[in-house]
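Engineer:
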Amino acid sequence: MPSDDFYLELKSFAKLSALGELAAYEPVPTDWVVLVADIVRSGEAVKAGRYKQVNLVGAAVISAVLNKLGRDRIPFIFGGDGAVLLVPARDAQAGADALAGVADMAARDMDLELRHAAIPVAHLRAQGTDVRLRKYALSPGNFLAMAVGGGLELADRILKDPALQAPFRIERPVHAAPLLEGLSCRWDPVPSRRGRIVSLILRPSADLYLSSILAEIQEATGFNPLSEAPEDALVQPTELKFRLRPSSLAQEIRLLAAAQGLVPSAVRVVLQSFGFLWGYMTGLRIGPFEAKRYLDELSRNTDHRKLDDSLRLVLDLSPAQLDALTRYLAQAYDAGRLVYGLHVSDAALMTCFVTDIADGRHIHFIDGGDGGLSMAGADYKRRAAQRAGA
């Protein structure tokens, strides 16, 4: 297949239980580029109560690049306080410009510093790692990239080390307005039904341990973290509450205004929001929007389980299941089988990216409340440092 069409033509898989089938992961073309970004000192922003802004900027990274380059061709993984995307060589500059535009917007409008870099896959392979992908089908037309090989973990280390990052740093162009069409955050936090929302980052000491670790988690907790049963979906349509708050609308308007202008953005956001609210409350079809169908699709189209060398999960667990999970993780860590980070909250947050509501093409980025994945990442970093110093 042509290099540019690698992800577009990559065969998808529909059963998340096949996540650990390592032989099925395909090498990313060597001439591709990893675009990686995260918010500097995101933990401080979270502690200041700005976790929704942190999530919004992380999702904006994906929205800006996909709106510029096309949704079906570009693999992406949301990380809570950042994101990673992989782009063909010919799209690397356009993707980097889109990423730089988000960094400019984050600094100017939200006082958040987004570090970002464009790292060739060839460089990651030269360092002894690899980047291999699979494409998980959430529903028709909606896919999540899953990655193994250690390359994305190395890209993250390069991003966070100023000396290593220097050759790959993306310069910020002046007035580079990102295209953030379809990005929104209009839902209330999703409360836990079982008791606790658990944000977990887990890295097996070897990729081949992934399937056995997942099986052991299920045995220890009585809960299958890869279950695709509707009753186990993290987001249940009956639990969702649409919010129409001035602060949220203002934030969304600011995101769009740089590229579309303030007044057109405000009119569009307000009309869309009230139209959505009317359809949501009455059940009536509003243009292409049918509330019941959309909410059923939304429940399936969440990214709360993903793999980017580390397994990133946002789970709804009972207190007893959480206790069993923490005991298992501690034992597996002490045995040298994995490194992990964990954060517990009462609710999950959702940021939406809608490209075609009529065709059911929408993805919903999930994070645990109170900085879930970001705080789990800090916990992971602490344990990884302990392991390295042992």
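Residues 2 to 391 in my numbering are what the sequence shown spells out, letter by letter. Using N, Cα and C, we set each Cβ at its ideal position, and we do this for glycine too. Note that the coordinates shown come from a computational prediction; the quantities given were computed from them, not determined experimentally.
Work out the CA separation of residue 321 and residue 353 for me, nearest whole Å.
Structural biologist: Against the sequence shown, residue 353 aligns to sequence position 352. Against the sequence shown, residue 321 aligns to sequence position 320. Each residue's alpha carbon lies about 31 Å from the other.
Engineer: Please report the residue range of the alpha helix (DSSP H) in which residue 157 lies.
Structural biologist: Taking the first residue of the sequence shown as 1, we reach residue 157 at position 156. It spans 152-161 - the alpha helix (DSSP H) in which residue 157 sits, taken as one unbroken run.
Engineer: For residue 306, tell me which candidate among 163, 193, 259, 80 has the shortest Cα-Cα distance.
Structural biologist: In the sequence shown, residue 306 corresponds to position 305, counting from 1. Selected option, being the one with the closest Cα: 80.
Engineer: Use the C-beta contact count for residue 50: other C-beta atoms within 10 angstroms, 16 or more gives buried, fewer gives exposed.
Structural biologist: Translated into the one-based positions of the sequence shown, residue 50 becomes position 49. Exposed, by the Cβ-count rule.
Engineer: Alpha carbon to alpha carbon, how far is residue 40 from residue 83? Give it in angstroms, no decimals.
Structural biologist: Counting from one through the sequence shown, the residue named residue 83 turns up at place 82. Counting from one through the sequence shown, the residue named residue 40 turns up at place 39. For residue 83 and residue 40, the distance between alpha carbons rounds to 6 Å.
Engineer: DSSP state of residue 86, grouped into three classes?
Structural biologist: Position 85 of the sequence shown, counted from the start, is the residue given in the question as residue 86. In this structure, residue 86 counts as strand in the three-state DSSP scheme.
Engineer: What is the rounded straight-line gap between the Cα of residue 188 and the Cα of residue 231?
Structural biologist: One-based indexing of the sequence shown puts residue 188 at position 187. One-based indexing of the sequence shown puts residue 231 at position 230. C-alpha separation (whole angstroms): 20 Å.
Engineer: If we count the other Cβ atoms within 10 Å of its Cβ and call it buried at 16 or more, is residue 248 buried or exposed?
Structural biologist: The residue labelled residue 248 in the question sits at position 247 within the sequence shown. So residue 248 ends up on the exposed side.
Engineer: With a threshold of 16 other CB atoms inside 10 Å of the CB of residue 299, please say whether the residue is buried or exposed.
Structural biologist: Within the sequence shown, numbered from 1, the residue matching residue 299 stands at position 298. So residue 299 counts as buried.
Engineer: Check residue 1 in the structure and name its three-state DSSP category.
Structural biologist: The requested residue 1 is not part of the displayed model; the chain covers only 2 to 391.
Engineer: What is the rounded straight-line gap between the Cα of residue 170 and the Cα of residue 86?
Structural biologist: The sequence position of residue 170 within the sequence shown is 169, counting from 1. The sequence position of residue 86 within the sequence shown is 85, counting from 1. Pairing residue 170 with residue 86, the inter-Cα distance amounts to about 15 Å.
Engineer: Below 8 Å on the Cβ atoms is my contact criterion, and I expect residue 21 with residue 211 to pass it. Report the Cβ-Cβ distance as a whole number of Å.
Structural biologist: Along the sequence shown, one-based indexing puts residue 21 at 20. Along the sequence shown, one-based indexing puts residue 211 at 210. About 4 Å separates the beta carbons of residue 21 and residue 211, which is inside the 8 Å limit, making them a contact pair.
Engineer: Any chance the stretch 89-105 sits against the stretch 55-72, with 3 or more Cβ pairs inside 8 Å?
Structural biologist: yes
Engineer: Check the DSSP bridge columns for residue 339 and list the partner residues they point to.
Structural biologist: Taking the first residue of the sequence shown as 1, we reach residue 339 at position 338. Paired residues: 205.
Engineer: Roughly how many angstroms separate the alpha carbons of residue 205 and residue 137, rounded to a whole number?
Structural biologist: Position 204 of the sequence shown holds residue 205. Position 136 of the sequence shown holds residue 137. Roughly 20 Å separates the two Cα atoms.
Engineer: Across which residues does DSSP place residue 137 in a beta bridge pair?
Structural biologist: Stepping through the sequence shown from its first residue, residue 137 is reached at position 136. According to DSSP, residue 137 bridges with 14, 145.
Engineer: Using 9 Å as the threshold, is the C-beta distance between residue 384 and residue 340 below it?
Structural biologist: Your numbering for residue 384 matches position 383 in the sequence shown. Your numbering for residue 340 matches position 339 in the sequence shown. It is a contact, given that the beta carbons lie within the stated cut-off.
Engineer: At the level of alpha carbons, what is the spacing between residue 141 and residue 308?
Structural biologist: Walking along the sequence shown from the start, residue 141 turns up at place 140. Walking along the sequence shown from the start, residue 308 turns up at place 307. Answer to the nearest angstrom: the Cα atoms are 20 Å apart.
Engineer: Quick one: complete alpha helix (DSSP H) runs, 4+ long, within the stretch 235-283?
Structural biologist: 247-261, 263-283
Engineer: Do you know how far the Cα of residue 11 is from the Cα of residue 106?
Structural biologist: The residue labelled residue 106 in the question sits at position 105 within the sequence shown. The residue labelled residue 11 in the question sits at position 10 within the sequence shown. For residue 106 and residue 11, the distance between alpha carbons rounds to 33 Å.
Engineer: Whole beta strand (DSSP E) runs in the stretch 12-54 with 3 or more residues, listed along the chain?
Structural biologist: Runs found: 34-40.
Engineer: Among 388, 294, 316, whose alpha-carbon lies nearest the alpha-carbon of residue 336?
Structural biologist: Here residue 336 corresponds to residue number 335 of the sequence shown, with the count starting at 1. Among 388, 294, 316, the Cα nearest to that of residue 336 is on 388.
Engineer: Helix, strand or coil for residue 183? Go by DSSP, reduced to three states.
Structural biologist: Here residue 183 is taken as the residue at index 182 of the sequence shown, counted from 1. Reduced to three states, the DSSP call for residue 183 is coil.
Engineer: So does the stretch 285-295 actually touch the stretch 125-137, counting three or more Cβ pairs closer than 8 Å?
Structural biologist: no
Engineer: I need the DSSP call for residue 327, collapsed to helix, strand or coil.
Structural biologist: On the sequence shown, position 326 is the one that residue 327 refers to. Helix, per DSSP.
Engineer: Of the residues 316, 93, 239, which one's Cα is nearest the Cα of residue 37?
Structural biologist: Residue mapping note: residue 37 aligns to position 36 of the sequence shown, counting from 1. Minimum Cα distance to residue 37 is reached at 93.
Engineer: Who are the Cβ neighbours of residue 183 in its own chain at under 6 Å, not counting the five residues just before and after it?
Structural biologist: As a first step, residue 183 is located in the sequence shown; it is residue number 182 there, counting from the start. Closer than 6 Å at Cβ, skipping near neighbours: 354, 355, 356.
Engineer: DSSP three-state call for residue 305: helix, strand or coil?
Structural biologist: What you label residue 305 is simply residue 304 of the sequence shown in a count that begins at 1. Three-state DSSP puts residue 305 in coil, outside helix and strand.
Engineer: Thinking just about the alpha-carbon of each residue, which of 215, 346, 143, 56 is nearest to the one in residue 358?
Structural biologist: In the sequence shown, counting from the first residue as 1, residue 358 sits at position 357. Nearest of 215, 346, 143, 56 to residue 358, Cα basis: 143.
Engineer: Given a threshold of 16 other Cβ atoms within 10 Å of its Cβ, counted over all protein chains shown, does residue 268 qualify as buried or as exposed?
Structural biologist: Position 267 of the sequence shown, counting from 1, holds the residue named residue 268. It is exposed - the Cβ of residue 268 has fewer than 16 other Cβ atoms within 10 Å.
Engineer: Could you say which of 329, 276, 123 lies nearest to residue 287 if we only look at CA atoms?
Structural biologist: In the sequence shown, residue 287 corresponds to position 286, counting from 1. When only C-alpha atoms are compared, the closest one is 276.
Engineer: Kindly give me the distance between the Cβ atoms of residue 192 and residue 377, rounded to whole angstroms, as I take these residues to be in contact under 8 Å.
Structural biologist: Position 191 of the sequence shown, counting from 1, holds the residue named residue 192. Position 376 of the sequence shown, counting from 1, holds the residue named residue 377. Residue 377 and residue 192 do not touch by the CB rule: their CB atoms are close to 19 Å apart, not below 8 Å.
Engineer: Give a yes or no on contact between the stretch 215-225 and the stretch 148-163, applying the rule of three or more CB pairs nearer than 8 Å.
Structural biologist: no
Engineer: Taking the alpha helix (DSSP H) that residue 97 belongs to, which residues open and close that run?
Structural biologist: Here residue 97 refers to the residue found at position 96 when the sequence shown is read from its first residue. 93-111 is the extent of the alpha helix (DSSP H) around residue 97.
Engineer: Need the endpoints of the beta strand (DSSP E) that residue 119 sits in, please.
Structural biologist: Counted from its first residue, the sequence shown places residue 119 at position 118. 115-121 is the extent of the beta strand (DSSP E) around residue 119.
Engineer: Where residue 5 and residue 256 are concerned, what is the direct C-alpha to C-alpha distance, given to the nearest angstrom?
Structural biologist: Position 4 of the sequence shown, counted from the start, is the residue given in the question as residue 5. Position 255 of the sequence shown, counted from the start, is the residue given in the question as residue 256. Just so you know, the alpha carbons of residue 5 and residue 256 end up roughly 30 Å apart.
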